[in-house]
Amino acid sequence: MGRSLAHDNDPSREQKQYLKRMTLQVCLIGQDGFVLASDTRGARVGPGEITQHYSTSKIYSDERGCAAWCSSGHDLGKRLCERLSALFAESTSDSQRTFTQLNHCVMDTAAEVQVSAFERDMQLGKGKLLLVAQREDEVKGFIFELGWGTNSQKWGTVGGDCFKDKMSSGATGNAAIFFSERHYSKALQEPELLRLAAHTVLMGHQLDPGPIEGLEIVACRPGALRRLAQYELEGLQSFSVALDGLLSKQFGKAPDVIG
27 MGRSLAHDND
37 PSREQKQYLK
47 RMTLQVCLIG
57 QDGFVLASDT
67 RGARVGPGEI
77 TQHYSTSKIY
87 SDERGCAAWC
97 SSGHDLGKRL
107 CERLSALFAE
117 STSDSQRTFT
127 QLNHCVMDTA
137 AEVQVSAFER
147 DMQLGKGKLL
157 LVAQREDEVK
167 GFIFELGWGT
177 NSQKWGTVGG
187 DCFKDKMSSG
197 ATGNAAIFFS
207 ERHYSKALQE
217 PELLRLAAHT
227 VLMGHQLDPG
237 PIEGLEIVAC
247 RPGALRRLAQ
257 YELEGLQSFS
267 VALDGLLSKQ
277 FGKAPDVIG
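Residue 27 is where the sequence shown starts when you use our numbering, and the numbers rise one by one after that.
The structure is reproduced here in structure tokens:
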């Protein structure tokens with residue numbers, strides 16, 4: 027969700043609600059790989075108000091292991107991604123065992139990083155951390171729920187799971203999640219996954235333009251992980267705008283079937 031400049035200030039209720047709505051991320055696993063899409067909105071929080079917005083990358087990638095991590099954009103997320111990618115590369119094929127190893131790594135790394143209670147509670151403790159990786163023809167996804175758990179003095183992971191199809195994190199209450207829930211199929215190939223993931227994030231901005239804005243995407247086919255270039259993102263944005271406009275026109279032109 028971005029870095030805070032107000033480490034010791036107690037955020038207002040409005041700030042807390044705003045921060046909870048930040049970050050919309052979608053991971054879709056398809057027929058020939060996976061797509062991970064995120065918004066890029068960050069906010070620096072000052073006493074009593076949101077003082078500044080900025081753009082930040084929230085997806086970290088490790089091309090060697092064909093793995094991508096999605097987090098809040100905080101420095102702790104980057105450190106976690108570096109360690110977890112290395113650990114995943116050495117892990118077994120057992121998903122549940124791998125998840126347990128990764129889970130302990132999250133907690134150990136978090137304990138070493140000095141961040142304020144505000145950052146842990148509002149920026150990290152309310153979110154989730156996604157990992158998706160491909161080995162040969164198999165794609166695995168992991169999600170970690172971050173927070174304080176039952177021990178108010180020990181921040182880390184309070185839950186999580188493995189997934190093999192789709193997952194979203196951040197502002198999952200945003201109605202744009204409908205698109206990935208309704209139209210996703212594991213039979214989809216990369217071009218279709220890209221359009222669906224991008225449209226979900228971009229419509230999230232249309233529905234809640236303050237805390238959600240921007241787009242970045244990482245896509246993976248067997249043995250090849252890449253971050254989409256700006257011209258590709260612009261093409262997906264044009265597609266999303268056209269699709270949204272077409273849907274609006276179709277509702278307006280639809281025949282009257284009532285009465």
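Glycine is no exception: its CB is placed at the ideal position from the N, C-alpha and C atoms.
This structure is a prediction, so every number in the text was calculated from the model and none was measured.
Checklist entry - Which of helix, strand or coil does DSSP assign to ASP187? => result strand
Item to check | Within the segment 187-235, ranges of the alpha helix (DSSP H) (whole runs, at least 4 residues) | outcome: 203-209, 216-233
Next on the checklist: Mapping the DSSP letters down to three states, classify CYS246 as helix, strand or coil.
Outcome noted: strand
Checklist entry - Taking the C-alpha atoms as reference points, what is the distance between PRO237 and THR198? => result 13 Å
Checklist entry - Measuring CB to CB, does HIS209 end up less than 9 Å from SER266? => result no
Checklist entry - Exposed or buried, ALA268, counting other C-beta atoms within 10 Å across all chains shown (16 or more means buried)? => result exposed
Item to check | Status (buried if at least 16 other CB within 10 Å, exposed otherwise) for ARG39 | outcome: exposed
Next on the checklist: Starting from ARG39, trace the alpha helix (DSSP H) in both directions and tell me its first and last residue.
Outcome noted: 39-46
Checklist entry - Where does GLY278 fall in DSSP's three states? => result helix
Checklist entry - Roughly how many angstroms lie between the CA atoms of SER211 and GLN78, to the nearest whole one? => result 38 Å
Item to check | Under 9 Å between C-beta atoms of SER87 and VAL227 | outcome: no
Checklist entry - How many whole angstroms separate the CB atoms of GLN215 and GLY68, which I take to be in contact at a CB cut-off of 8 Å? => result About 32 Å; that fails the 8 Å criterion.
Checklist entry - In three-state DSSP terms, what is ALA63? => result strand
Item to check | Reduced DSSP category for GLY271 - H, G, I as helix; E, B as strand; rest coil | outcome: helix
Item to check | Integer-rounded CB distance, given that CYS53 should sit under 8 Å from CYS96 | outcome: 7 Å
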